[in-house]
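For the sequence shown, our numbering begins at 2 and goes up steadily by one.
Just so it is clear, CB atoms sit at the ideal spot from N, CA and C, and this is done for glycine as well.
Computed from a predicted model, the values in this text were never measured in an experiment.
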Amino acid sequence: MQPINIAEELKLADVEKIQLTFDSFGNLSIQMPDGIVHCPVVPIRSFPLSDVNSYITIQTDGRSPQEVCLIEDVEQLNEKNRKVLEKALDKAYFMPIITRLLSINRRFGVTEWKVETNRGPVTFDLSSRSAITQFEERRLLIKDIDGNRYEIPNYFKLDKISITLIETQV
2 MQPINIAEEL KLADVEKIQL TFDSFGNLSI QMPDGIVHCP VVPIRSFPLS DVNSYITIQT
62 DGRSPQEVCL IEDVEQLNEK NRKVLEKALD KAYFMPIITR LLSINRRFGV TEWKVETNRG
122 PVTFDLSSRS AITQFEERRL LIKDIDGNRY EIPNYFKLDK ISITLIETQV
């Protein structure tokens, strides 16, 4: 029985020899050390909530995605590649931060939230309380009926009205 080479098994990228770019259509592409270019590709975080900069899978986009490589740590990339990857990750994992709750109203079995975020005011609907996931006691992730995600890093740091509104829901 031969030992497993974990680096080959995981397809760890040689971060000094890859090149990440956007094509003219805004698609992320990666050039591998052997010169092969994969485009379009998408970055997938292995730990999107707890370790956002580690173990980023780069996979082909489409009906049958294939893993191209695994970037162990974003910080290992050169500045140009890191900026490209961070921009692609920001686009893929767009999640506004809720900074204030204005109102929560229940109507027709749906809860309407009016909030302020770091990206501006938003109104969205939740189908049930199960759309709110609580982490680390005070951190909330909220998924609206359209699949959009919002975060409250620590709801105890919000104003008193916001805290009161949130506590009716969690």
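Does the Cβ of residue i have 16 or more other Cβ atoms within 10 Å, making it buried, or fewer, making it exposed?
i	result
L50	exposed
Y156	buried
I164	exposed
V85	buried
I162	exposed
V38	exposed
N82	buried
What did DSSP end up calling residue i once you bin it into helix, strand or coil?
i	result
V123	strand
T58	strand
N79	coil
V111	strand
R64	coil
V16	coil
V43	strand
T175	Residue coverage of the chain in this structure runs from 2 to 171, which leaves residue 175 outside it and unanswerable.
D74	strand
E138	coil
Y156	helix
S30	strand
Who are the Cβ neighbours of residue i in its own chain at under 8 Å, not counting the five residues just before and after it?
i	result
C40	D24, N28, L29, S30 and I31
T118	P97, I98, I99, T100 and Y151
S55	S47, F48, E73, D74 and V75
T169	I105
Nearest-angstrom Cα distance between residue i and residue j?
i	j	result
S104	D35	55 Å
D160	L166	10 Å
V111	E80	45 Å
V116	D62	33 Å
V123	P4	54 Å
Between which residues of its own chain and residue i is the CB-CB distance below 7 Å, once the five residues before and five after are set aside?
i	result
Q77	V16
Q60	V42, V43, I45, P66, Q67, E68 and V69
R120	P97
Note down, in chain order, each residue of its chain lying with its Cβ closer than 6 Å to the Cβ of residue i, except the 5 sequence neighbours on either side.
i	result
N106	E113
Measure the beta-carbon distance from residue i to residue j and round it to whole angstroms, keeping in mind my assumption that it falls under 8 Å.
i	j	result
I133	V75	In fact, because the Cβ distance is near 29 Å, the residues do not count as touching under 8 Å.
A14	L71	6 Å
I153	L127	Not really, about 13 Å apart at Cβ, beyond 8 Å.
M33	I19	6 Å
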